[in-house]
Structure formats: structure tokens, C-alpha cells
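Visitor: Under the working numbering, think of the first position of the sequence shown as 1, with each following residue one higher.
C-beta atoms are modelled at their ideal positions from N, C-alpha and C, and glycine is treated no differently.
These numbers were taken from a predicted model, which means no experiment stands behind them.
Supplied in C-alpha cells, the structure appears directly below.
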Amino acid sequence: MTARILDGRAVGREVLAEVAERVRALRARGVAPRLAVVLVGDDPASAVYVRNKGRRAAEVGIDTVDLRLPAETTEADLLGRIGELAGDPSVHGILVQLPLPAHVDPQRVLRAIPPEKDVDGFHPQNMGQLVLGPPALVPCTPAGCMILLDRTGIDLAGKRAVVVGRSNIVGKPMAHLLLAADATVTIAHSRTRDLPSLVREADVVVAAVGRPGLVKGAWIREGAVVVDVGINRVDGKLVGDVEFAAAAERAAWITPVPGGVGPMTIACLMRNVAAAAEAAV
Ligand code: NDP
Numbered sequence: 001m002t003a004r005i006l007d008g009r010a011v012g013r014e015v016l017a018e019v020a021e022r023v024r025a026l027r028a029r030g031v032a033p034r035l036a037v038v039l040v041g042d043d044p045a046s047a048v049y050v051r052n053k054g055r056r057a058a059e060v061g062i063d064t065v066d067l068r069l070p071a072e073t074t075e076a077d078l079l080g081r082i083g084e085l086a087g088d089p090s091v092h093g094i095l096v097q098l099p100l101p102a103h104v105d106p107q108r109v110l111r112a113i114p115p116e117k118d119v120d121g122f123h124p125q126n127m128g129q130l131v132l133g134p135p136a137l138v139p140c141t142p143a144g145c146m147i148l149l150d151r152t153g154i155d156l157a158g159k160r161a162v163v164v165g166r167s168n169i170v171g172k173p174m175a176h177l178l179l180a181a182d183a184t185v186t187i188a189h190s191r192t193r194d195l196p197s198l199v200r201e202a203d204v205v206v207a208a209v210g211r212p213g214l215v216k217g218a219w220i221r222e223g224a225v226v227v228d229v230g231i232n233r234v235d236g237k238l239v240g241d242v243e244f245a246a247a248a249e250r251a252a253w254i255t256p257v258p259g260g261v262g263p264m265t266i267a268c269l270m271r272n273v274a275a276a277a278e279a280a281v
């Protein structure tokens with residue numbers, strides 16, 4: 001079997017077009033959706049992510065406020081700045097780019113963002129809503145994976161899904177979304193025994209680890225759906241966590257890296273900003 005491509009670029013564009021429509025409707029009602037992006041320090045990768053988010057926002061008509069703070073900003077200062085954004089009714093979404101400098105507790109910072117402006121979906125209240133349902137603002141990467149599967153017509157009910165990785169931003173929320181879609185879900189992590197056997201049994205594999213080629217093509221079950229969240233730079237090239245070519249020989253569907261989950265993530269961020277602005281009206 002040669003896999004078909006789960007095309008995040010195409011579906012991402014579709015989602016962005018829907019967001020642009022929602023933003024137009026909001027503007028017609030006198031509401032200008034606005035996203036505040038907070039960047040602490042000068043991590044080059046973070047700066048690229050922030051720039052891309054700003055570009056996409058502009059494309060769909062969302063205003064952005066950039067708050068760039070020096071690496072030595074204290075936690076108290078940062079919390080103060082977030083407090084100001086929290087109290088500003090013209091700001092509908094607040095995003096703090098991670099990672100934060102080591103002297104700042106990310107959990108304390110994420111808790112300072114009001115849940116209704118938490119467009120990354122990382123606040124404990126939004127994470128709790130995700131588990132209990134109905135979900136409110138859902139973390140962008142797993143939300144993007146689910147939309148990509150749904151719009152491609154992949155039915156998850158009763159499927160055996162393995163999520164490799166248990167981070168708070170990808171693995172855990174992804175597992176809950178798959179469960180809510182009636183998949184039978186296993187979460188694997190660095191202490192999991194015999195990962196190959198688990199993956200071999202999976203109808204759906206989501207890899208979110210951050211290790212190039214960790215998931216071998218030979219582990220993939222014939223006809224499986226493979227969602228590769230990983231972004232790794234190897235010899236100047238971006239690759240995922242799955243051995244793409246070998247996996248594509250066996251899978252029915254697979255996401256490329258780049259062009260799979262990445263564009264869906266940013267589209268879902270814009271979708272969350274539109275939703276936050278609509279809820280504030
Ligand atoms: P984290 O580093 O937070 O989590 C990695 C997870 O992988 C951990 O749960 C870890 O287990 C697990 N793990 C590590 N080694 C192994 C192993 N040998 N076998 C099985 N599991 C293992 O990463 P993130 O979740 O933040 O990101 C994962 C990847 O996704 C990265 O490449 C990141 O760049 C990418 N990413 C891509 C996005 C996109 O838009 N496409 C958005 C966000 C992330 P343990 O908990 O036991 O340590």
C-alpha cells in the first residue's frame with residue numbers, strides 16, 4: 001500500500017478561510033478580534049513561531065499586539081503584564097510563547113491567563129473542560145490533528161489509537177480528543193515497554209515525541225493512519241518522528257513533515273482567537 005497524504009496545508013487553508021469569514025462577521029458587528037503574543041527572551045525558534053503567528057493573524061484579519069520582554073524579566077513583572085492584558089477588553093486572546101526562561105514558572109504564568117482568553121488551551125480550567133466535556137478552548141496542535149482527520153473523512157469510532165508522547169500540550173490532550181471520538185486509546189511514553197508491539201496493533205498512530213525517525217516504518221500496520229506531530233531539524237531539513245518513506249509503504253494515510261500538522265496548529269490558533277472574540281461579544 002502507498003499512503004495517501006493527510007494534507008495539512010490544504011485543510012489548514014480551509015480552516016483559515018472559515019476563520020476569516022467569522023472575523024468579517026465580528027468586524028461587521030464592531031468587534032476587532034485581537035491576539036496578544038508575549039515573547040520573553042530571544043530564543044530564535046520562538047521568534048520564528050511568533051512571526052508566523054503574526055502573519056497568519058494578519059491574513060485572516062485578526063489584530064495582534066506583540067509584547068517582547070527581555071530574558072531577565074522577573075516572574076512578577078511578567079505576571080503584571082499578563083494581568084494588564086487580562087483586564088484589557090480589546091484583547092480577546094493571550095498567548096505566551098513557550099519555553100519561558102528557567103527562572104519563570106510556566107504553570108504560574110499559564111494560570112494567570114483568564115480561561116476565556118487562553119487561546120492555547122493550556123489553562124487548567126480548559127484542560128479540565130477537555131477531559132470532562134464539552135471542550136472550550138482546545139490546545140491547537142491536537143485540535144488541528146482532529147480536524148485534519150475529520151475533514152479527510154477518517155472515522156475514529158472503535159479504532160485502536162496509540163499516542164506516542166504524553167506532554168500537556170500535545171500527547172495528553174490528543175489522547176482525550178481521540179477518546180471523545182470513540183477511539184480506544186493507549187498513551188505511550190519514554191517508560192513504555194515494547195513500543196513496537198503497541199504501534200503494530202494501532203489503527204491510528206500519533207507520534208509526538210521530538211525524536212527523528214523514532215517510529216519505524218516496519219512497525220506500522222497495513223492500512224493504518226499515521227499522524228506525525230514531531231518537528232526535528234536534521235542536516236538543515238525538517239523531519240518528523242516517523243520514518244516517512246517506509247511508513248508510507250504500509251499506511252493508508254500519513255501526514256508529511258512539513259505540511260501536515262504544522263499548518264493545522266496555526267490555523268487552530270486563529271480559530272480559537274475567533275471563538276474567544278465571539279464569546280466575548
Ligand atoms: P515533549 O518533549 O514535551 O514530550 C515528548 C514526549 O515524548 C514525552 O511524553 C516523552 O516521555 C516521550 N518520549 C520521549 N522519548 C520517548 C521514547 N523513546 N519512546 C516513547 N516516548 C518517548 O514534546 P512535545 O509534546 O512538546 O512535542 C513533541 C514533538 O512535537 C516535538 O518534535 C515538537 O517540536 C513537536 N511539536 C509540533 C507541533 C506542530 O505544530 N507540528 C506543535 C507542538 C510540538 P516522558 O513523558 O516519559 O518523558
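By the DSSP assignment, the alpha helix (DSSP H) with Ala17 in it spans what residues?
Guide: Unbroken alpha helix (DSSP H) run through Ala17: 8 to 28.
Visitor: Thr192: beta carbon under 8 Å from a heavy atom of the ligand ATP?
Guide: Among the ligands modelled here, namely the ligand NDP, the ligand ATP does not occur.
Visitor: Going by other Cβ atoms of all chains shown within 10 Å of its Cβ, with 16 needed for buried, is Met1 buried or exposed?
Guide: Label assigned to Met1: exposed.
Visitor: Which ranges does the alpha helix (DSSP H) cover as unbroken runs of at least 4 residues, wholly within the region 130 to 207, from first to last along the chain?
Guide: If we require 4 residues or more, the alpha helix (DSSP H) runs fully inside the region 130 to 207 come out as 140 to 151, 171 to 180, 195 to 200.
Visitor: Return yes when the Cβ of Val257 is within less than 9 Å of the Cβ of Ile231, no when it is not.
Guide: Taking 9 Å as the Cβ cut-off, Ile231 and Val257 qualify as a contacting pair.
Visitor: Pick helix, strand or coil for Val91, following the three-state DSSP scheme.
Guide: Coil, per DSSP.
Visitor: Within 9 Å (strictly less), CB to CB, does Glu222 reach chain B?
Guide: You won't find chain B in this structure, because it holds only one protein chain.
Visitor: Less than 8 Å between C-beta atoms, sequence neighbours within five positions excluded: which residues of the same chain meet that for Lys53?
Guide: These residues qualify, in order along the chain: Leu35, Val37, Thr64, Leu95, Ile266, Leu269.
Visitor: Answer with buried or exposed for Arg22, where buried requires no fewer than 16 other C-beta atoms within 10 angstroms of its C-beta.
Guide: Answer is buried; the Cβ neighbour count reaches 16.
Visitor: Is Lys92 near the ligand NDP, in the sense that its beta carbon is under 8 Å from a heavy atom of that ligand?
Guide: Reading off the sequence shown, one finds His at residue 92, where the question assumed Lys. Checking the Cβ of His92 against the ligand NDP gives no.
Visitor: Please list, in chain order, all residues of the same chain as Glu290 whose beta carbon is under 8 Å from its beta carbon, the five residues on each side excluded.
Guide: Here the chain comprises residues numbered 1 to 281, so residue 290 is not present and cannot be evaluated.
Visitor: Going by beta carbon distance, what residues of the same chain come within less than 8 Å of Leu26, once the five residues before and after it are set aside?
Guide: Within the same chain, Leu26 has close Cβ partners Ala32, Pro33, Ala274, Ala277, Glu278, Val281.
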